[in-house]
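Novice: Here you go, one structure.
Residue numbers (my numbering): 129 to 773.
Laid out in structure tokens, this is it:
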């Protein structure tokens, strides 16, 4: 494809792994790494071109189910619509259509979008029968199906492919390697008997010392009454010698003669497994394939389906990838107050090695260095600050005194406060010595965010600080707010949370469709709690008419299209919501934890909204990966703040 379409980039850019590398990653349980590597290569190519075609793997016997799952996972993570190709060669009509329906059902279960189906290698005489049989399959009637007739030439290898497949040497006729072969025939019987078994484009396999077969086949090439073979493979490492070799060298042969070291049996066995290809060395095959496709596929319809199928869904892998990519694009300085904690140090190594952010660790310098050494981590250049020993300490104390003027704080009390790593870290971002802060792996939420309320404070236009969780489900990322900060927000505060959550979602590549949640949908219910959500929805719509916000709405109506069609059939949000606003902390916190544990979702957050500078809280049960993601999120928030400034 690179050669035929004159694409100007290196072949190594066009794939992520060789078959051997991929199999090694899979067998060693590193499938996540495999998918991430593919995503990296895809994103690099996507940045250079308007359109990227991703070819699925060849399904091999015994691994079909595994390969199907892997292909579906990759397609989902690339947000790639699927053109499903089903091979109908040597299969009955019913077998082919049953396989098609099963594949469509499986892709649907995995959340993959199939835009059309190609039934390939269909016998020409069965095309009409296929069209009629398709009508008997409910699932197949609702999707575009293109039938491409079988063309035997495309499944025939060239002599060049035979040479490469057998690792053969060319003895004669190198210029004829582009000839196509059909079947092969073994020359093991007497020549007068063998000649009755050759046909047009047959490949002859015979021992290299069977001069009778060799000469008989060459003579047949010049006969008007005999079919023309495509080439010969001489086995056993034996080659023509003496006068026979001299005669062949002086003959203008219209075929290629190859030589292999293997026996005739072994060579025939290998030829049974040859896989013909369409390549730059087979231009006639290329043009025939293009012609077949254009004649049998409605290309205008297919183009339109591709154009309309761009998915707005963000998978967890895509989300994590985009976080690191975006954070890396404009590196920020993030302070981590819990510098003596093992998980923080391991996350720091990952972030620094992947060049995502610059890190400042707070804590006892000697203890941190000792911990780094004992864990065997490689952090030679990481910046470590002990608050009490910092050159900024006295300045921070004076600044805090000014901020808390009138609150009755004495100098000694403020000095004690500023020794606290969370206060010191928050003051660092307030003073511009760091761009954001992440804490909470060993501190409570209150210990992490109280300094932010006192020092950083809320943005203009924001009356409260709220939070969202990025809920990474199997096939999508949803935004839940507010599940961590505000116990019982008013209608005005709920509207503010909805707007802030929608803007957060958009900043992280998730198209915001906001569902204001309650225990009833639309106008079906009443009560104080429902009215609060209804009022909040109206306030949010008035403040931000550019956003898709609807409510009150039950969770099932927000997330399930079948329920949505019954309860809110005209809604642009119901059934496809991406941002879920809970009416109170009790509901939100319990729901996010229920989804996290029951659906095995990854919950990233809480991500705080409404502060002048980004400060984010970790769960005390967080994993290293959670810390990496939260730091990247904080860096992206810092980038956004600088862009606004």
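Idealized CB from N, CA, C, for every residue including glycine.
Find out if the Cβ-Cβ distance for the pair residue 203, residue 214 is shorter than 8 Å.
Specialist: As a working mapping, residue 203 is identified with position 75 in the chain shown. As a working mapping, residue 214 is identified with position 86 in the chain shown. Result no, Cβ atoms of residue 203 and residue 214 do not sit closer than 8 Å.
Novice: Check whether the Cβ atoms of residue 285 and residue 241 sit closer than 8 Å, and answer yes or no.
Specialist: Here residue 285 is taken as the residue at index 157 of the chain shown, counted from 1. Here residue 241 is taken as the residue at index 113 of the chain shown, counted from 1. Their beta carbons are not under 8 Å apart, which means residue 285 does not touch residue 241 by this criterion.
Novice: CA-CA distance, residue 641 and residue 631?
Specialist: Translated into the one-based positions of the chain shown, residue 641 becomes position 513. Translated into the one-based positions of the chain shown, residue 631 becomes position 503. When rounded, the distance between both Cα atoms is 11 Å.
Novice: For the beta strand (DSSP E) that contains residue 486, what are its first and last residues?
Specialist: Taking the first residue of the chain shown as position 1, residue 486 is located at position 358. 486-490 is the span of the beta strand (DSSP E), which, as asked, contains residue 486.
Novice: Suppose you measure from the CA of residue 677 to the CA of residue 768; what does that come to, to the nearest Å?
Specialist: Here residue 677 corresponds to residue number 549 of the chain shown, with the count starting at 1. Here residue 768 corresponds to residue number 640 of the chain shown, with the count starting at 1. Rounded to whole angstroms, residue 677 to residue 768 spans 23 Å at the Cα level.
Novice: Evaluate residue 638 with the Cβ neighbour count: other Cβ atoms within 10 Å of its Cβ, from every protein chain shown; 16 or more gives buried, anything less gives exposed.
Specialist: Taking the chain shown and counting its residues from 1, one reaches residue 638 at position 510. Burial call: buried.
Novice: Taking 6 Å as the limit between beta carbons, can you name the residues of its chain near residue 287, skipping five residues before and five after?
Specialist: If you number the chain shown from 1, residue 287 lands on position 159. Cβ neighbours of residue 287 beyond the five flanking positions: 305, 307, 359 and 384.
Novice: If we count the other Cβ atoms within 10 Å of its Cβ and call it buried at 16 or more, is residue 148 buried or exposed?
Specialist: Start at 1 with the first residue of the chain shown, and residue 148 comes out as number 20. By the neighbour-count rule (16 or more Cβ atoms within 10 Å), residue 148 is not buried but exposed.
Novice: Expressed to the nearest angstrom, what Euclidean distance is found between the alpha-carbon atoms of residue 404 and residue 689?
Specialist: Locating residue 404 in the chain shown gives position 276, where the first residue counts as 1. Locating residue 689 in the chain shown gives position 561, where the first residue counts as 1. Cα to Cα, the separation comes out at about 45 Å.
Novice: Cutting at 7 Å between CB atoms, please list the residues of its own chain near residue 633, excluding the five before and the five after it.
Specialist: Indexing the chain shown from 1 puts residue 633 at position 505. Correct list, in chain order: 607, 640, 706 and 707.
Novice: What would DSSP say about residue 552, mapped onto helix, strand or coil?
Specialist: As a working mapping, residue 552 is identified with position 424 in the chain shown. Three-state result, residue 552: helix.
Novice: Would you identify the three-state DSSP class for residue 322, choosing helix, strand or coil?
Specialist: By 1-based counting over the chain shown, the position of residue 322 is 194. If DSSP states are grouped into helix, strand and coil, residue 322 belongs with the helices.
Novice: Taking Cβ to Cβ, would you say residue 445 is nearer than 8 Å to residue 205?
Specialist: Numbered from 1 along the chain shown, position 317 holds the residue referred to as residue 445. Numbered from 1 along the chain shown, position 77 holds the residue referred to as residue 205. Going by C-beta atoms, residue 445 is nearer than 8 Å to residue 205.
Novice: Between which two residues does the alpha helix (DSSP H) holding residue 716 run?
Specialist: Counting from one through the chain shown, the residue named residue 716 turns up at place 588. Residue 716 -> alpha helix (DSSP H) spans 713-726.
Novice: Kindly identify the DSSP beta-bridge partner or partners of residue 179.
Specialist: Working through the chain shown from its first residue, we reach residue 179 at position 51. Residue 179 is not bridged to any residue.
Novice: Going by other Cβ atoms of all chains shown within 10 Å of its Cβ, with 16 needed for buried, is residue 464 buried or exposed?
Specialist: Taking the first residue of the chain shown as 1, we reach residue 464 at position 336. Classification for residue 464: buried.
Novice: Under a three-way DSSP split, which group does residue 215 fall into?
Specialist: Taking the first residue of the chain shown as position 1, residue 215 is located at position 87. It is a strand residue.
Novice: Report back the beta-carbon spacing between residue 275 and residue 426 to the nearest angstrom; my notes put them in contact at under 8 Å.
Specialist: As a working note, residue 275 is residue 147 in the chain shown. As a working note, residue 426 is residue 298 in the chain shown. Actually they are not in contact, since the Cβ atoms of residue 275 and residue 426 sit about 11 Å apart, beyond 8 Å.
Novice: Please determine, among 644, 750, 650 and 741, the residue with the shortest C-alpha to C-alpha distance to residue 715.
Specialist: For the purposes of this step, residue 715 is taken as residue 587 along the chain shown, with counting starting at 1. Residue 644 is the option with its Cα nearest to residue 715.
Novice: Can you tell which of 253, 244 and 254 has its C-alpha closest to the C-alpha of residue 268?
Specialist: Here residue 268 is taken as the residue at index 140 of the chain shown, counted from 1. Cα-wise, what sits closest to residue 268 is 244.
Novice: With distances taken Cα to Cα, identify the nearest neighbour of residue 741 among 373, 181, 319 and 555.
Specialist: Sequence index remark: in the chain shown, residue 741 carries index 613 (1-based). Closest by alpha carbon: 555.
Novice: Note down, one range per segment and in chain order, each beta strand (DSSP E) of at least 3 residues found wholly within the stretch 243-317.
Specialist: Those beta strand (DSSP E) runs which fall completely within the stretch 243-317 and span 3+ residues are 272-277, 297-300 and 312-314.
Novice: If I follow the unbroken beta strand (DSSP E) through residue 708, where does it start and stop?
Specialist: Here residue 708 is taken as the residue at index 580 of the chain shown, counted from 1. Unbroken beta strand (DSSP E) run through residue 708: 707-709.
Novice: Roughly how many angstroms lie between the CA atoms of residue 216 and residue 223, to the nearest whole one?
Specialist: Taking the chain shown and counting its residues from 1, the one referred to as residue 216 is at position 88. Taking the chain shown and counting its residues from 1, the one referred to as residue 223 is at position 95. Distance between the alpha carbons of residue 216 and residue 223 is about 9 Å.
Novice: Is it the case that the stretch 745-757 contacts the stretch 661-680, given that we only count it when at least three CB pairs across the two stretches are under 8 Å?
Specialist: No, because fewer than three Cβ pairs between the stretch 661-680 and the stretch 745-757 fall closer than 8 Å, the two stretches do not touch.
Novice: Mind reading off the beta-carbon distance from residue 726 to residue 680? Whole number of angstroms is fine, and I expect it under 8 Å.
Specialist: Taking the first residue of the chain shown as position 1, residue 726 is located at position 598. Taking the first residue of the chain shown as position 1, residue 680 is located at position 552. Incorrect: roughly 24 Å between the Cβ atoms, too far for contact.
Novice: Kindly list the residues whose CB is nearer than 7 Å to the CB of residue 578, restricted to its own chain and excluding five residues on each side of it in sequence; keep chain order.
Specialist: Along the chain shown, one-based indexing puts residue 578 at 450. Once the five neighbours on either side are set aside, residue 578 has no close Cβ partner at all.
Novice: I'd like to check one pair, residue 456 with residue 483: are the Cβ atoms closer than 8 Å?
Specialist: Within the chain shown, the letter at position 355 stands for residue 483. Within the chain shown, the letter at position 328 stands for residue 456. Going by C-beta atoms, residue 483 is nearer than 8 Å to residue 456.
Novice: Use the C-beta contact count for residue 595: other C-beta atoms within 10 angstroms, 16 or more gives buried, fewer gives exposed.
Specialist: Working through the chain shown from its first residue, we reach residue 595 at position 467. Classification of residue 595: buried, given that the 10 Å Cβ count is 16 or more.
Novice: Are the stretch 581-599 and the stretch 608-615 touching, with three or more C-beta to C-beta distances below 8 Å?
Specialist: Yes, the stretch 581-599 touches the stretch 608-615.
Novice: State the DSSP-derived secondary structure class of residue 740, mapped to helix, strand or coil.
Specialist: Here the question's residue 740 lines up with position 612 in the chain shown. Three-state result, residue 740: coil.
Novice: Does residue 558 pass the burial test, meaning 16 or more other C-beta atoms within 10 Å, or should it be called exposed?
Specialist: Within the chain shown, numbered from 1, the residue matching residue 558 stands at position 430. Buried.
Novice: Can you tell me whether DSSP reads residue 640 as helix, strand or coil?
Specialist: Position 512 of the chain shown holds residue 640. It is coil, neither helix nor strand.
Novice: DSSP state of residue 499, grouped into three classes?
Specialist: The sequence position of residue 499 within the chain shown is 371, counting from 1. Reduced to three states, the DSSP call for residue 499 is helix.
Novice: Provide the residue span of the alpha helix (DSSP H) that contains residue 660, from first to last.
Specialist: Taking the chain shown and counting its residues from 1, one reaches residue 660 at position 532. Element bounds for residue 660: 656-671.
Novice: Could you tell me which residues DSSP puts in a beta bridge with residue 544?
Specialist: As a position in the chain shown, residue 544 is number 416, starting the count at 1. For residue 544, which the question treats as bridged, DSSP gives no partner whatsoever.
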